[in-house]
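Numbering (this note's numbering), first residue to last: 2 to 255. C-beta atoms are modelled at their ideal positions from N, C-alpha and C, and glycine is treated no differently. Owing to the predicted nature of the structure, the values given are computational and were not obtained by experimental measurement.
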C-alpha cells in the first residue's frame, strides 16, 4: 500500500535559474498538498500534462526525492524515517534512470539482485522469467553502451523487478519500446495486480490507462485536480473518450 498525505516539494533556484525565469523567488514549487492512496491488488494511474508534477511525485514515492513537507508511507513504513526499509519493497522504473554503460545487461541485473539480497536460486528463476518476457537473451552479454534505447529500457525493467517488489512504481514504462515488448510490459503490470502488488504508473497512452487502471488521479500545476475510480471516471465522462475527458478536466483547471 502507498499512503500519500499532503506532500509538497520545493526546489531551490540558482541565481542563473532566477534570471532565466525572471524571478526573485528563491524556491520553485513543483508539488503542493498532494494526497492519495494506492491499494494492493489495484493499479493506480497518475495522469497529467508535461511539467504537472508527475515524475516529481513518483520520485518522492520511491525515496529519490525528499518532500519539503507531508508524509509518504510504503506498506506502513514512513519513507522519510526509514528510507532503507521502505526501498527494500519498492521497484521504481523511470525513463531517466541511468545505467552503467560499461557493464553488460547480465552484470547490471546481478548487481542489483545482490544489493537487494536476492538468493542465487531466486535470482536465476526471476532472471529467466524476465529475460523470456522481455526478449533479453540475445543481448544479455552486451555492454549497456552498445544497446538501443528500447534494449536499455528492457534492462531497466528487469532491474526494477528482479527483487520481486511488493510496491511497483512505473513512470512511462512502455516508452521507447516496440509494440510486442510494450504488450509484454502491459502483461507484466497486469500480473503484478494478480499477485496482489501495489502498482502506480504514469502514461501518456490513454489506451494503456483504459486497459489497466483501477483508480486514477490527475495532477495539474502541482496539485491533484481529480481523483476517482476508473469506473466512476467512465460513468461521469462528459465527452466521447478518455483523451477528450482528460483534456476537458485540464482545461477547466487552467
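Proximity below 8 angstroms, CB of residue i to CB of residue j
i           : j           : result
residue 31  : residue 223 : yes
residue 155 : residue 42  : no
residue 1   : residue 6   : Shown here, the chain extends from 2 to 255; a query on residue 1 therefore has no answer.
residue 69  : residue 10  : yes
residue 220 : residue 52  : no
residue 182 : residue 135 : yes
residue 95  : residue 150 : no
residue 100 : residue 145 : yes
Spatially closest choice to residue i from the options, by CA coordinates
i           : options               : result
residue 214 : 232, 220 and 221      : 232
residue 108 : 202, 253, 244 and 141 : 141
residue 93  : 16, 190, 227 and 241  : 190
residue 61  : 84, 151 and 163       : 84
residue 44  : 201, 176 and 243      : 201
residue 172 : 100, 58, 20 and 40    : 58
residue 91  : 114, 38 and 164       : 164
residue 166 : 15, 247 and 114       : 114
Per-residue burial, residue i [other beta carbons within 10 Å of its own, 16 or more giving buried]
i           : result
residue 75  : buried
residue 212 : exposed
residue 237 : exposed
residue 208 : exposed
residue 138 : exposed
residue 77  : exposed
residue 204 : buried
residue 180 : exposed
residue 175 : buried
residue 34  : exposed
residue 1   : In the structure displayed, the chain extends from 2 to 255; residue 1 sits before or after that span and is not available.
query = Curious, which full-length beta strand (DSSP E) runs of at least 3 residues does the segment 15-78 contain?
reply = Along the length of the segment 15-78, whole beta strand (DSSP E) runs at least 3 residues long occupy 28-39, 44-48 and 70-75, reported in chain order.
query = For the segment 114-128 against the segment 193-210, are there 3 or more C-beta pairs whose distance is under 8 angstroms?
reply = Result no; under three Cβ-Cβ pairs closer than 8 angstroms.
request  = Determine, using beta-carbon pairs with one atom in the segment 176-189 and one in the segment 17-29, whether at least three such pairs fall under 8 angstroms.
outcome  = No: the two stretches stay apart, fewer than three of their Cβ pairs being nearer than 8 angstroms.
message = Restricting to runs no shorter than 3 residues, where is the beta strand (DSSP E) found entirely within the segment 114-195?
response = 168-172
query = Would you call the segment 127-136 and the segment 156-165 touching, i.e. three or more CB-CB distances under 8 angstroms?
reply = Touching, per the Cβ criterion.
query = Could you give the uninterrupted runs of the alpha helix (DSSP H) lying entirely in the segment 201-225, keeping only those of 4 residues or more?
reply = 207-213
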